[in-house]
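K.L.:
This is the structure I want to talk about, given as C-alpha cells.
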Amino acid sequence: DAGVTQSPTHLIKTRGQQVTLRCSPKSGHDTVSWYQQALGQGPQFIFQYYEEEERQRGNFPDRFSGHQFPNYSSELNVNALLLGDSALYLCASRPRTGVWGYTFGSGTRLTVV
Amino acid sequence: DQQVKQNSPSLSVQEGRISILNCDYTNSMFDYFLWYKKYPAEGPTFLISISSIKDKNEDGRFTVFLNKSAKHLSLHIVPSQPGDSAVYFCAAASTYTGTASKLTFGTGTRLQVTL
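These protein sequences, in sequence, are chains A and B.
The first sequence begins at 1 in the working numbering and counts up by one.
The second sequence begins at 1001 in the working numbering and counts up by one.
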C-alpha cells in the first residue's frame, strides 16, 4: 500500500520564480495538509484541503496557494520565490474520520538561489 | 510565539537505558498530543498520541505522559535501541474546531542511542 507520494524530491529555483509541488495522498485518505520545515525547525502548517477547498490556513502569505483535485491529490504553488522559502515541504494526508491518522510523505526539498 | 517547545535539541542515551524526551506547550486549547519520529530523508512517522482526558498512554516500548496542569508531556522509550536514533517531534492540536485541526510542532529533539 503506497503511502503519501510527493514529487519532485528535490528542486532548485531562482528568486522570483514560481514553483509547483505535488502530493498524492495515501489510499483511503481524502484530506491533505501541507507543512514547511525550515532547517533546524519543526514543520509549520501552511494549509489544509478537503472536498477540493482550502479549509484551514496557517500564517503564510498569499504567495502560497494550493489546490485539491477530485482524486484527492493536491498541489502547492509558491509565487515570487524568496531565499527564505528554501525548506523541506511536507504533505500529510488522513481520512476525514479517524481524525488523527496523519501520514506524512518524504517531502520535497526546495532550494531557492 | 512558540506554542510547543522542546528545550533539549539533543539527547544521548546508552542502549538498553531509558530515553526521556520532554515537551512543553502554552496554548490551553490544545487537547490532543502526538509524537512523531523522523529519520533523515524521510517524512515524520507517527509514534504515539494522547488525549487530554488521559495522563498516560502506552504502546510497547513507548509511553507518553501528560501533565495538564504543568502543560508538559514526555515520551519514555524503554529499553532504548540503536534503531531509535532519530529526531523526535512533539505535536499538539485542538479538537475544539470540530474539524481535523492543524498540528503545531515543536523544534524536535535529536536522540542518539549509543552501544
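The beta-carbon is built from N, C-alpha and C at its ideal position, and this holds for glycine as well.
It should be emphasised that the depicted structure is a prediction, and the values quoted were computed from it without experimental measurement.
Counting Cβ pairs, one atom from each stretch, are 3 or more of them under 8 Å apart for the segment 1067-1083 of chain B and the segment 82-102 of chain A?
P.N.:
Too few Cβ pairs lie closer than 8 Å, so no.
K.L.:
Name the residues in the segment 21-40 of chain A whose C-beta lies less than 9 Å from a C-beta of chain B; which are they?
P.N.:
The segment 21-40 of chain A vs chain B, Cβ under 9 Å: T31, S33, Y35, Q37, G40.
K.L.:
What does the Cβ neighbour count give for S1019/B, buried or exposed, with the cut at 16 atoms within 10 Å?
P.N.:
With 16 or more other Cβ atoms within 10 Å, it is buried.
K.L.:
Which value, in whole angstroms, describes the spacing of the CA atoms of Y102/A and Q48/A?
P.N.:
Spanning the two alpha carbons is a distance of roughly 12 Å.
K.L.:
Is it the case that the segment 1065-1072 of chain B contacts the segment 9-21 of chain A, given that we only count it when at least three CB pairs across the two stretches are under 8 Å?
P.N.:
No: the two stretches stay apart, fewer than three of their Cβ pairs being nearer than 8 Å.
K.L.:
From the DSSP output, in three-state form, read off G66/A for me.
P.N.:
Reduced to three states, the DSSP call for G66/A is strand.
K.L.:
Any idea what DSSP makes of L1115/B, helix, strand or coil?
P.N.:
Note: L1115/B maps to coil in three-state DSSP.
K.L.:
Assign L1047/B to one of three DSSP states: helix, strand, or coil.
P.N.:
L1047/B: strand per DSSP, three-state reduction.
K.L.:
For A1041/B, which residues in chain A fall below 8 Å Cβ to Cβ?
P.N.:
The contacting residues are S106.
K.L.:
Taking the straight line between their C-alpha atoms, what separation do you get for N1007/B and P61/A?
P.N.:
When rounded, the distance between both Cα atoms is 28 Å.
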